[in-house]
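The opening position of the sequence shown corresponds to residue 1 in the UniProt record's numbering, with each subsequent residue numbered one higher.
The beta-carbon is built from N, C-alpha and C at its ideal position, and this holds for glycine as well.
Data block below; observations after.
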Amino acid sequence: MTESFVMRHHLQCLWNKVENAPVIVNTDVVRTVYRFNQPACSFGNCQTTCKYLSSCLNGLLKINVLNEETCDKTEPESPVEKLLTHSRNGLKNYGSTCYLNAFLQLYFRFKELRKAIYDIPSQADETGIIHQLQLIFSQLQLNNSGIVDPGGLIEALRLCDTEQQDAPEFHCLFMNLLEARFQQVGVSVIDDLIRGEYIYENSCLKCGFTSRLPSKFLELSLKVSSKSLPDCIRDYLKEEQLVGDNQYACSQCGCKRDGIRRAYITRAPPLLCIQLLRFTYDSNTGQRKKYKASIRLPDLLELTKVVENPKSNKHLNCEHSVECLSVDSDPCHRAYRLCGVLLHIGNQPTSGHYIAVLRDSYKRINLSGDKNTDSSTEDDPPLKSNECWSVCNDIDVFNVPSNQFKLAKLTDQLNHCKAI
């Protein structure tokens, strides 16, 4: 068949369509032209012409069908639903916005937060921040181009793309900003999902008077005082002796007395964020120095085994009971599963590079004993064969099977890399 014959045949087909075109174009004609009347194809059994059908699932995005053996037989889930919970897309770095990209990859994997962002009417936010988040999350979820541009969000937040922000400070400010937007539409998401509560207590050892200061936190800021995370939490919550120049100003005695200071967690959030304070002030150089000692991050953290119930402390006349952390009232324990780590590469807090290392799985694990709250991003225990870790380095995102992944080894390799 010659090229000229193919061209003549193509022109003839076009002319026939013109001759047979109806004079009046109504709804039925439109539905016929765009093949809305064609039945939807079954996923995985598409024909060669399916890509022209609006109801074809393959037209949604380019995906590979999972092997049937990896699917949960007890609770069948379509391949589309499984793949849509995963992101294989990276984020463009505008120069010094790696910290933003790392947080966006992390926030995207918080299913409750992502759903709440989708549910807010974009016109309800005059700043455009919610609309830009909706665009970024939807592109991370559906786009298959490999790169998502967060430029609109950077502009809406008025961030300086040439100056790296303090990452923990950005996280707290951004969460407070989102909560303000949620409250405008009458919902509470950040407080219910991420914010925890604790009480600072100062007790006078002379008269026994105790002052209590309740407070809230978006993240626990822990000193690197041990080689394991549970021990760092214990050190954060242990008693501090108020003696010498650091005596407690007792309002009951009217003067300074020896005392005890201690913090108690009174409400543990479903999603627990922890910051390791690796930068300390060096009095010799007058600069902040990074403490690079390795810390073991457990896959499971049972907070009820780490945190002491105030009622068990006989030295403090504490009327507050940490009910959510009490073993008696919570026999299942308050447990968390590690779902992500943000790593800083470099020696200075205002420079270097941030990447996100995130757990990806097709199912959610529930460790709290409450069906309405959990510390991961899916509803049921994940299948081991389907679980992997995603290393998100701006536009580059690659996955490592969980049975081959070692966070300590990755951290050690990154610490020996040059800061970007």
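Where residue i sits in the DSSP three-state scheme
i, result
"Asp370", "Unreliable positioning characterises Asp370 in this predicted model, as indicated by a pLDDT of 39, which lies under 50. The coordinate reading is nonetheless provided below. It is coil, neither helix nor strand."
"Lys206", "coil"
"Ala268", "coil"
"Ala180", "helix"
"Gln165", "coil"
"Leu301", "strand"
"Gln139", "helix"
"Val357", "strand"
"Ile295", "coil"
"Ser283", "coil"
"Phe405", "coil"
"Ser390", "strand"
Environment of residue i [buried if 16+ CB atoms lie within 10 Å]
i, result
"residue 424", "Past the edges of the chain, shown from 1 to 420, lies residue 424, and the structure says nothing about it."
"Asn202", "buried"
"Ser390", "buried"
"Asp125", "buried"
"Gly286", "exposed"
"Leu142", "exposed"
"Tyr198", "buried"
"Tyr291", "exposed"
"Ile355", "buried"
"Thr280", "exposed"
"Arg31", "exposed"
"Ile24", "exposed"
"Phe174", "buried"
"Val357", "buried"
"Val307", "buried"
"Asn393", "buried"
"Tyr200", "exposed"
"Ala293", "exposed"
"Gln105", "buried"
Spatial distance of residue i from residue j (CA atoms)
i, j, result
"His344", "Gly352", "7 Å"
"Lys227", "Lys305", "18 Å"
"Gln123", "Lys111", "22 Å"
"Asn176", "Phe103", "15 Å"
"Leu342", "Cys273", "11 Å"
"Ser150", "Cys98", "A quick correction: the sequence has Pro, not Ser, at residue 150. Rounded to whole angstroms, Pro150 to Cys98 spans 11 Å at the Cα level."
"Ile295", "Leu159", "32 Å"
"Ser188", "Gly208", "39 Å"
"Gly346", "Asn284", "21 Å"
"Glu163", "Pro349", "12 Å"
"Leu213", "Tyr264", "10 Å"
"Cys172", "Phe217", "9 Å"
"Leu84", "Gln165", "For Leu84, the predicted model reports a pLDDT of 35, less than 50, meaning its position is unreliable; a value from the coordinates is still stated below. Cα to Cα, Leu84 sits roughly 31 Å from Gln165."
"Asp258", "Cys232", "25 Å"
"Phe182", "Leu100", "20 Å"
"Phe405", "Gly340", "13 Å"
"Val243", "Lys289", "29 Å"
"Glu169", "Glu219", "10 Å"
"Lys418", "Gln247", "Because Lys418 sits at a pLDDT of 37, beneath the cut-off of 50, its placement in the model cannot be relied upon, and the point is left open."
"Val397", "Val185", "34 Å"
Other residues of its chain near residue i: CB distance less than 6 Å, five sequence neighbours each side excluded
i, result
"Asn403", "none"
"Leu133", "Ile117"
"Glu179", "Ile190"
"Gly152", "Gln132"
"Ser211", "Asn202"
"Ile260", "Ser203, Glu239"
"His315", "Its pLDDT being 43, under 50, His315 is placed unreliably in this model, and the value from its coordinates should be taken loosely. Answer for His315: no residue qualifies."
Contact set for residue i: own chain, Cβ-Cβ below 7 Å, skip 5 residues either direction
i, result
"Pro269", "Leu193, Ile194, Arg195, Gly196"
"Tyr107", "Leu113"
"Leu276", "Leu222, Val224, Ile295"
"Cys253", "Cys204, Lys206, Cys207"
Sequence-distant residues of its chain with Cβ nearer than 8 Å to residue i (five each side left out)
i, result
"Val148", "Asn89, Gly90, Leu91, Lys92, Ile136, Gln139, Leu140"
"Pro298", "Ser228, Leu229, Pro230, Leu338"
"Cys250", "Cys204, Lys206, Cys207, Phe209, Lys256, Arg257, Gly259"
"Ile154", "Tyr94, Thr97, Leu100, Asp161"
Enumerate, from N- to C-terminal direction, the unbroken beta strand (DSSP E) stretches of 3 or more residues contained entirely within the stretch 182-237.
196-204, 210-217, 220-223
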